[in-house]
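Asker: Dropping the structure in here first, questions after.
Residue numbers (this note's numbering): 2 to 55.
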């Protein structure tokens, strides 16, 4: 995830496809965070890095 200053982030979906997502609703989004996205807006962080999820 590449977070930009304008509140957008370049993310990858579950299949690895790139998508630009608005992340203003979530505090401190960082590379490796797993987030729930609906209609291009990140709603909630659901875990740490993808490797850390079980």
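Idealized CB from N, CA, C, for every residue including glycine. Since the model is a prediction, treat every value here as computed from it, not as a measurement.
(1) Would a C-beta distance cut-off of 8 Å place residue 25 and residue 48 closer than the cut-off?
(2) In angstroms, rounded to a whole number, what distance separates the CA positions of residue 39 and residue 4?
(3) CB-CB under 6 Å to residue 140, same chain, minus the five flanking residues each way: which ones, in chain order?
(4) Could you give the first and the last residue of the continuous beta strand (DSSP E) run that contains residue 20?
(5) Check this for me: beta carbons of residue 15 and residue 2, under 8 Å apart or not?
Answerer: Here's the rundown:
(1) no
(2) 18 Å
(3) Any answer about residue 140 is impossible in this case: the structure gives the chain only from 2 up to 55.
(4) 19-23
(5) no
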